[in-house]
Structures are given as C-alpha cells and as structure tokens.
Amino acid sequence: MSEFSKTSIISSKAILGKNVVIGDYAKIFDNVVIGDNVQIDDYCQIGHPSILSDKKPVIIGSNSHIRSFSIIYENSEFGPALETGHHVVIREGTMVGENLRVGNFSDIEGDCVIGDYCRFHGYSHIGKGAEIGHFVWIFSLVTATNDPLPPSNAQAPVKIKDGAVVCVGATLMPGSIVGTGAFISAGAQARGDVPAGAVIAGEDGKVVNHVSRLIDFNSGQRHPWMNHYRHVYPNTEEITNRLDSLLNEIMINKMNLKIN
Amino acid sequence: MSEFSKTSIISSKAILGKNVVIGDYAKIFDNVVIGDNVQIDDYCQIGHPSILSDKKPVIIGSNSHIRSFSIIYENSEFGPALETGHHVVIREGTMVGENLRVGNFSDIEGDCVIGDYCRFHGYSHIGKGAEIGHFVWIFSLVTATNDPLPPSNAQAPVKIKDGAVVCVGATLMPGSIVGTGAFISAGAQARGDVPAGAVIAGEDGKVVNHVSRLIDFNSGQRHPWMNHYRHVYPNTEEITNRLDSLLNEIMINKMNLKIN
Amino acid sequence: MSEFSKTSIISSKAILGKNVVIGDYAKIFDNVVIGDNVQIDDYCQIGHPSILSDKKPVIIGSNSHIRSFSIIYENSEFGPALETGHHVVIREGTMVGENLRVGNFSDIEGDCVIGDYCRFHGYSHIGKGAEIGHFVWIFSLVTATNDPLPPSNAQAPVKIKDGAVVCVGATLMPGSIVGTGAFISAGAQARGDVPAGAVIAGEDGKVVNHVSRLIDFNSGQRHPWMNHYRHVYPNTEEITNRLDSLLNEIMINKMNLKIN
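Protein chains in written order, with this note's numbering: chain A, 24 to 283; chain B, 24 to 283; chain C, 24 to 283.
Here's what the structure looks like:
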C-alpha cells in the first residue's frame, strides 16, 4: 500500500504506481511517472521543472529508492531499481537503464545515456552529453568533462564503454573514449581513445598495463573485476552471460595492447 | 505579483521587492533585502545568521534566481541577476557584482570580492578572502586556497584577474595571483604570479604557452575566449567594450610571455 | 530551556537532553540520544535509519551544533562539542571523540573511528573503515580510500595518526598509514607507511622533507603546527600536555627520516 507523508507536496497530475512511499517534506511535481514499489525519501524534488526540456515526464522505474535531498528533473527516464544516495542532482534528458546506483553529492548534468547496472560513487560529476555503457564503475570525485576549449560551445562529451572502471579523482578529458573494461587509475587524466582493457595512469594518461596485471596479493583477487566481483549483481543467466562476454572481450584485447 | 508558498517561513523583518517568488519550505531570515523579480526556490535559507558578522543584511539584487537547498548568509551583497544552482553555500562578507552564476554544490567561504559576470561551475570551492575580477570562469572542483602553512593563521588568499579561466580540478595555491585572461589547465596547481594570458599546466604550475595558442581544430575556435564565447553575455555596448579591452590586454602581453 | 520548531518532526522515542534546540523542518528519528545544550539546525535528519545497522542509537554529545541539511545515521557515537557544516553526511558505525568539526558537503562513510579534536574541511570524503587519531587536520576534497583493487571486496581502509595534516585534494591510497604529524601536500597521493613527521608530495607520494622544514617566511610560523596553531583548542593543561607530547614525538623522528 502506498504511503505519503502529510508534509509532502504531491501534484495531482503525477502518476504514481502501487506501493509508493513518499517521505516528509518531499515534493513531486506535475510531470512525473513513478513505478511500483518506489521509495522517495524526505526532502526530495522529483520532476523538477526544466527550462530546457521538451516537457516529457520523468519516469522512475519500479523498485527504485531515491534518498533524501535529491533532485531529479523532468524529461528523463530511469529503468527499474534506480538507487540514489543523499543530495544527488540529475538533470533533464538523462536516459538510464536498469539498476543505476549514484552516490551522495553526485551531479549528472543531463542529456546523458547510461546503460544497465552502473555504479557511481559520491561526488561523481558527469558532464552533459556523456554516453556511458553497462556495468561501468565510477568512483568518487571523478569528472567527465565535455568542453575542449573552456569556455566554448565546442561540445566533446566523453564515452565510457561497458565494464570500465574510473577510479577516485580521475578526470576524463573532453572527447575521451574509455574502452571496454579499461581502468583509469586514481587521479589520472584520460584522453583520446583508451584501448579496451588498458590501465591508464598519471597526468599524461599513458597506458601502463593491461587490467589483468592488476592483482591484490593479499586477497588473491585479480582484474578484470568480473573475475572477483560479480556477486553484487543479480545471479541470473542473463547477467552471467553478459559479464562472461565482457570478460572475454577484455582478455582478447590483451595481446594487442601497446604499453607506453 | 509576489507569490509566497504557505509552507515557507518568512521573517516579517525581511524587506522584499516586487514580484518575489518564494518556494516551498524555504526560509527567509530577518536580515534580508531582496530586489524585484527574484525567485527563491524550495528549501533555501536566505540570510542565514552569522556569528562572525557585523549584522549587515544580505542584499540580493533584482532578477536573481536561487535554486533549491541553497544557503546564503547575512552580511553579503549581490548585484542583479545572481543565479545559483542547487545545494550552494555562500558565507558572510561576500561582495558580488552583476550576474554571478554559481553551480551545484559550490561553496564560497566568505569575505570574498567577486566582480561582474563570473561563472563558477559545480563544486567550486572559493576560500575565504579571495578577490576575483570580472568575467572569470571557474570550472568544477576548483579550489581557491588561502593558508600557506595549513593549519595556520597566515592568510594568503588568492586573486584572480579579469577574464581568467580555471579548469576542472585545478588548485590555486595560497597567495597565487592569476593574471588577466590566464588559463589554468585541468588539474594544474597555480602558484605565485601567473602572467596575463599565460597557460599553466601540471603539478608544478609551469607556464607552457600563451592562451592564443589554444585552438579547437574541430570548430576552429581559438582563445582568448572573448573571440568565440561572448554571446553568453548581454549584447550591449558596455559589455562589448569591456570584453574588447580585455582581449586587447591579453594579446598585448603575448610577446613578453616567457614559456618555461 | 529546549526549543523545538513546530515544523520539526521529532520521534517520541528519541531521548533529548536539556536545552536542546531543533530547527525548522528538521527530523529526529526514533533511535536517537541527544545530550544537553545541543543545537540541531533546519532540515537535518538525525538518526537516519540504517539497513546495515545493529540498531544501536546515535548518541550526539552535549554542546554539539549540527548545521542545516546534515544527515547523521543511527548506530554512531559522538563525544561532546561535535560541530558540522551544512549538507554533511555521516553514516552508521562511526565512533568519534570530543569536538570533531566537519565542513560543508563532507561525507563520512561509516564504520570509522575518529579521535578527539579533529578538523575536517569541506568535501572531506572519509571511506568506510578509516581509523583517524586525535588532532588530525583534513582539508578540502581529500579522499580516504579503502579498496585496493576497485571494485573488489578487499577492504584496505586507511589509518591517520595523531596530529597529521592532509592538504587539499590529496588522496590517501588504500591501506596507507599516515604517521604521527605527517604532512600530505596538496594533491599528493599517499601510499604505504608514511613516517611520522614526513612531508609527502606528488603523484608518487615521495617523502620530500621533515615537517619542521615547512616555514611561512612572511609570518615566521613553522611546522609542526603545534608550534603556532594550538590556540584553536581549549587552553587546558590536558590539551597542552597532549600537544607537547605530540610535538615531541614528531621532532624526535627528525633524525631518522629518510628523504627520497
């Protein structure tokens, strides 16, 4: 059964599914479609009006959980099981697959495409127009830029392919394309075409290794991460196949990879 | 006509202009003067009490727009057309010219002077005491520091001169003076006197070029940005003259610039 | 006398001390114990439910001040005189000593131990499981990581010992142990064992100096900071002794320190 706080402000135009819970002082604007079993926590703004938008609704998939103080604009679409931390901002024009998780204080600036099962940690800053594949990991304080000559109108948003990992504090420079399963080290600046499975490090964004060389000797775990970390996803045949196929693609590229 | 949400809390001591709109759950404290045609969105705190302040009001210029979850302290003054993103904090003692725009999650720590037409993107972190000129661009996750021996009382806030550009993730080290139209590259650390029109890069903050060497070959645009990006400002004679004069100053310095 | 805003939502199960002030639209959940003379500002969430928690209460020590839009989860314990900025998130399982101060937009991810008199500036990002001593200074945009092979389950949280200073934008790599009174320079990456009193700089986290070599020539102040900055702490015999002892420990190590 749905449960709406008396202190929440819910537009009569919003379309809400079954078993929707809306917290205290939350605000649901007009242009909103919320699926079943969704929890919107205290002080959230869902369907925030956009001056840029062509006024499509925001669609929040079923089984989603939006944590307190988050703002989601109208004119976006999220698959099932979206999960946000606190104080998250997601702007208009964002198309997202299944089960995106976004950490506290993250900012997705809109006009982005994001695939399934992506995980963004806190303070992720995804510039306008980014195209992000499936199973992508973005750690804290990562910036995905888009302007090659700031300030300018020359948009060059980034692309991040399936299974890639971008570590804390890394910057994806304008126009960079992060290949399948590539690994951008903490604080590195990635630019241009990053080959599948490449490890990038440093200010100059050099290829220093293939991800399969990344080993944690204490635990014996070894990259690509599909080897040791797939248990955080649903244990279905579909997911297993998708991850196996990704793993395969990353390993096949190993021989061709040129280390700088 | 003004429009105040019934759920907002507005001090009877606050002085509000014409056509002021105040959103849900917003809070206007005592010590506030708001100009005409200002929009204060949901959950904002305007005129937040300061323990440091000498208790002057905060003055918000006409035609401003403060977005949700923003906090502006008392004892500051903003010219017309201030625009903030969401979750912005601006502390006491901040003197701002016309049409400042500040992105989501930015923090201006007070006792700052900021000129006209500045643009700060998200997570801008402007340390106490910074002096920032006109037409300055600050991109995401930039820090303007102020303590040369942290932690200490030896304040050395930064200065940023007119038309300068500070790119994502750059740090302005204590006491640095960023010259007119200088360009601090992404992730660079600027220190000391940065000459007008200089391009700074890397951890050691070297001068690597003059800004007029920065070209986007795809679009043919070329720095200084007044060449290709002035259309985001009002098309008035005054602005045109100010930008022309800035452009001139930056180019004149080209011959004298020493590249490291 | 206590003072609760009529617009606040306070669980009848929460245990509140004397002279507690609770601001507008704040929310106090069930599992909360608040000491005497505590001020909880507008829009805070105190005792936010945790799915991970073993359901102990959050205990907020006396004389604390939690600023607006902050979220503190249940199952944590804070000594007296906790002070937070705005928009702070502190997750469950955090054990804190006396007089922690945490700046705006900081995120403490839980299962952390933090000693007495620590000072964290804005956007501090303390990963799960960090162990932080007494009198530790963390400046803006510092990340304390914990995963040596992201993404993985191989937890390697960081340790920061008494009196250490971590400057703006520095990253503490997984498993790093920052020694007593060590100084991690702005933007540096610290890794492994950082010796007591060492100054670390750069991407490769080299030891470049002993902290006693850090001098501000303008003011004549000199590290360790206990020399010039102890006036921000209570002037008691206990604090004096603790800081003297720390200073001593840092200086004793000077002769043994190997500079890279």
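Even for Gly, the Cβ is constructed at its ideal location relative to N, Cα and C.
Identity of the residue in A:V201, A:S129, A:V234 and A:A209 nearest P180 of chain A by Cα:
Looking at the Cα atoms, A:V201 is the closest of the given residues.
Buried or exposed for H109 of chain C, please, with buried defined as at least 16 other CB atoms from any protein chain shown within 10 angstroms of its CB.
buried
For V188 of chain A, return the contacting residues in chain C, with the cut-off set at a CB-CB distance below 9 angstroms.
Ordered by position in chain C, the residues that pass the 9 angstroms Cβ test against V188 of chain A are P173 and P174.
Applying a beta-carbon distance threshold of less than 9 angstroms, which residues of chain A neighbour V22 of chain C?
Given a span of 24 to 283 for chain C in the structure shown, any question on residue 22 of chain C remains unanswerable.
For R236 of chain A, three-class secondary structure by DSSP
helix
I137 of chain A beta carbon less than 7 angstroms from that of V119 of chain A
When the beta-carbon positions are compared, V119 of chain A and I137 of chain A come within less than 7 angstroms of each other.
Same chain only: Cβ atoms within 7 angstroms of G210 of chain A, ignoring 5 sequence neighbours per side:
G192 and A193
Are the beta-carbon atoms belonging to G204 of chain B and A219 of chain B less than 7 angstroms from one another?
Yes, they are a contact pair.
Flag S192 of chain A as yes if its beta-carbon sits less than 7 angstroms from any beta-carbon of chain C, otherwise no.
Note that residue 192 of chain A corresponds to Gly in the displayed sequence, not to Ser. Yes, because at least one Cβ of chain C sits closer than 7 angstroms to the Cβ of G192 of chain A.
Excluding sequence positions up to five away, which residues of its chain have a Cβ less than 7 angstroms from the Cβ of I45 of chain A?
F27, S28, S31, I33, I51 and I63
For G152 of chain C, collect the residues of the same chain with a Cβ closer than 7 angstroms to its Cβ; drop the 5 residues on either side in sequence, then sort them by chain order.
D134, C135, N169, Q178 and P180
Which residues share a DSSP beta bridge with F162 of chain C?
DSSP lists no bridge partner for F162 of chain C.
Among B:R253, B:D130, B:P72 and B:L280, which one has its Cα closest to the Cα of T107 of chain B?
Of the candidates B:R253, B:D130, B:P72 and B:L280, B:D130 places its Cα closest to the Cα of T107 of chain B.
Could you confirm whether any beta carbon from chain C is found closer than 7 angstroms to the beta carbon of Y252 of chain A?
Under the Cβ distance rule, Y252 of chain A counts among the residues neighbouring chain C, one pair being separated by less than 7 angstroms.
Rounded C-alpha distance that separates E154 of chain A from V217 of chain B
36 angstroms
Chain-ordered chain B contacts of M196 of chain A [CB-CB under 8 angstroms]
A209
Within 7 angstroms of any Cβ in chain A, is that where the Cβ of D305 of chain B sits?
Since the first residue of chain B shown is 24 and the last is 283, residue 305 of chain B is not available in this structure.
Under 7 angstroms between C-beta atoms, does H148 of chain A make it to chain B?
yes
For V111 of chain A and F101 of chain B, I'd like the C-alpha separation in whole angstroms.
27 angstroms
Are any of the Cβ atoms in chain C nearer than 7 angstroms to that of I273 of chain B?
no
C-alpha distance - I95 of chain B paired with I113 of chain B, whole-angstrom precision:
5 angstroms
Can you check whether the C-beta of I95 of chain C is within less than 7 angstroms of a C-beta belonging to chain A?
Output row for I95 of chain C: interface = no.
Determine the DSSP secondary structure at T263 of chain A, reduced to helix, strand or coil.
helix
What does N127 of chain A touch in chain C if you count any residue whose Cβ is under 8 angstroms from its own?
V112 and D130
Any chain B beta carbon closer than 7 angstroms to I38 of chain A
So no, I38 of chain A is outside the interface.
Does DSSP put V255 of chain A in a helix, in a strand, or in coil?
helix
Grab me the residues of V189 of chain A's own chain with a C-beta within less than 6 angstroms of its C-beta, minus the 5 sequence neighbours each way, in chain order.
I161, V165 and I207
Following the continuous beta strand (DSSP E) through A224 of chain C, name the residue where it begins and the one where it ends.
Run containing A224 of chain C: A221 to A224, per the beta strand (DSSP E) assignment.
Closer than 6 angstroms by C-beta to Y251 of chain B: which residues in its own chain qualify, once you throw out the five before and the five after it? Chain order, please.
As written in the sequence, residue 251 of chain B is His, which differs from the Tyr given in the question. Q244, listed in sequence order.
Between which residues of its own chain and V255 of chain C is the CB-CB distance below 6 angstroms, once the five residues before and five after are set aside?
none
Tell me whether I74 of chain A is buried or exposed, calling it buried when 16 or more other Cβ atoms sit within 10 Å of its Cβ.
exposed
What would DSSP say about L195 of chain B, mapped onto helix, strand or coil?
strand
Does I33 of chain B come out as helix, strand or coil in the three-state DSSP assignment?
I33 of chain B carries a strand assignment under DSSP once its states are collapsed to helix, strand and coil.
Between V55 of chain B and V81 of chain B, how many whole angstroms is the CB-CB distance? I'm expecting something under 8 angstroms.
6 angstroms
Among the candidates B:E272, B:K229 and B:I262, whose CA atom is the shortest distance from the CA of N283 of chain B?
Residue B:K229 is the option with its Cα nearest to N283 of chain B.
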